[in-house]
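Undergrad: All letters in the sequence shown, in the order written, are residues -20 to -1, 1 to 161 by mature numbering (1 follows the signal peptide of the UniProt record, and there is no 0). From the three backbone atoms N, C-alpha and C, an ideal C-beta is built for every residue, glycine too. A quick note: this is a predicted structure, and the numbers were derived from the prediction, not measured.
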Amino acid sequence: MKTIAIAVAAAFLFTGTAHAEPARVAHTSGKFESFSDKAKAVTYDAKVPSGAKVTVVGVPTLSGGTTVLLVLKGLLPHRAYGAHVHVKKCGAAPADSGPHFQHVVDPFQPSVDPAYANPDNEIWLDVHTDGNGFAHTRSTVDWQFTERHAQSVMLHNEHTHTKPGEAGTAGPRLACVNVQF
């Protein structure tokens, strides 16, 4: 957990916070478990084992953007996972978290158009675990959440695709963590 604390501190150090208004920092930490109304992090598949740990921090940047940090511990070793910020909270079923949060919303859903489904308009947090099942990443976009807020981060079965017709897809939804961005 010391590594997680260092990573979180680094996110604040390197991104700063918006100074026009008090910074709205999003933060959650938890262990993946089966769905319940009280669960912070939900696993839907053994590829994200129960008991694996997750930390998510989202912070506005001085330049008017947003940086999101994802730290994972206890996942399967040497494995790729896709991860994206989603519109709704985690639910009993993987689809309950809704689509990816998009700064400019694609009028056609599900969005697979690279003009909308891309790492500048969405927050993508793909990772590859090390030999101990640890991974961390961060993503910075040049926009901030306004009256619309995302509510979760979803882990997917594979890294995110970028080709037209499949942009933004990353295979089945494996696990979800609630975060009030």
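Between the C-alpha atoms of P29 and R153, what's the straight-line distance to the nearest angstrom?
TA: Counting from one through the sequence shown, the residue named residue 29 turns up at place 49. Counting from one through the sequence shown, the residue named residue 153 turns up at place 173. Roughly 14 Å between the two C-alpha positions.
Undergrad: Using 8 Å as the cut-off, can you tell me whether the segment 136 to 144 makes contact with the segment 112 to 121, which would need three or more C-beta pairs spanning the two stretches below that distance?
TA: The segment 136 to 144, when compared against the segment 112 to 121, does not touch it at the 8 Å Cβ threshold.
Undergrad: For my contact list, C70 and V22 are in at a C-beta cut-off of 8 Å; report their separation, rounded to the angstrom.
TA: Stepping through the sequence shown from its first residue, residue 70 is reached at position 90. Stepping through the sequence shown from its first residue, residue 22 is reached at position 42. Their Cβ separation, rounded to whole angstroms, is 5 Å, which keeps C70 and V22 in contact under 8 Å.
Undergrad: Using the C-alpha atoms, what's the distance from S16 back to T35?
TA: Along the sequence shown, one-based indexing puts residue 35 at 55. Along the sequence shown, one-based indexing puts residue 16 at 36. Answer to the nearest angstrom: the Cα atoms are 19 Å apart.
Undergrad: Since N98 and V84 should fall inside the 8 Å C-beta cutoff, what is the C-beta to C-beta distance between them, to a whole number of angstroms?
TA: By 1-based counting over the sequence shown, the position of residue 98 is 118. By 1-based counting over the sequence shown, the position of residue 84 is 104. The pair is not a contact, with the Cβ atoms about 10 Å apart (cut-off 8 Å).
Undergrad: Where DSSP assigns a beta bridge to V37, which residues make up the other side?
TA: Along the sequence shown, read from residue 1 onward, the residue named residue 37 stands at position 57. Bridge partners of V37: H7, L49.
Undergrad: Looking at the unbroken beta strand (DSSP E) that takes in S91, where does it start and where does it end?
TA: The residue given as residue 91 occupies position 111 in the sequence shown. Premise fails: S91 is in no beta strand (DSSP E) and is neither H nor E.
Undergrad: Counting C-beta neighbours from all protein chains within 10 Å, is the total for A73 16 or more, i.e. buried, or is it exposed?
TA: Stepping through the sequence shown from its first residue, residue 73 is reached at position 93. So A73 counts as exposed.
Undergrad: Is it true that the CB of S91 sits closer than 8 Å to the CB of G45?
TA: Position 65 of the sequence shown, counting from 1, holds the residue named residue 45. Position 111 of the sequence shown, counting from 1, holds the residue named residue 91. No, they are not a contact pair.
Undergrad: Rounded C-beta distance between F88 and V65? I'm assuming under 8 Å.
TA: Reading the sequence shown from its first residue, position 108 is the one you call residue 88. Reading the sequence shown from its first residue, position 85 is the one you call residue 65. Their Cβ separation, rounded to whole angstroms, is 20 Å, which puts F88 and V65 out of contact at 8 Å.
Undergrad: CA-CA distance, S77 and V157?
TA: Here residue 77 refers to the residue found at position 97 of the sequence shown. Here residue 157 refers to the residue found at position 177 of the sequence shown. So the two alpha carbons sit approximately 10 Å from each other.
Undergrad: At what residues does the beta strand (DSSP E) containing C156 begin and finish?
TA: The count along the sequence shown starts at 1 and reaches residue 156 at position 176. Per DSSP, C156 belongs to the beta strand (DSSP E) from 153 to 158.
Undergrad: Under the rule that 16 or more other beta-carbon atoms within 10 Å means buried, what is L49, buried or exposed?
TA: The residue given as residue 49 occupies position 69 in the sequence shown. L49 comes out buried.
Undergrad: Put A73 into one of helix, strand or coil per three-state DSSP.
TA: Here residue 73 corresponds to residue number 93 of the sequence shown, with the count starting at 1. If DSSP states are grouped into helix, strand and coil, A73 belongs with coil.
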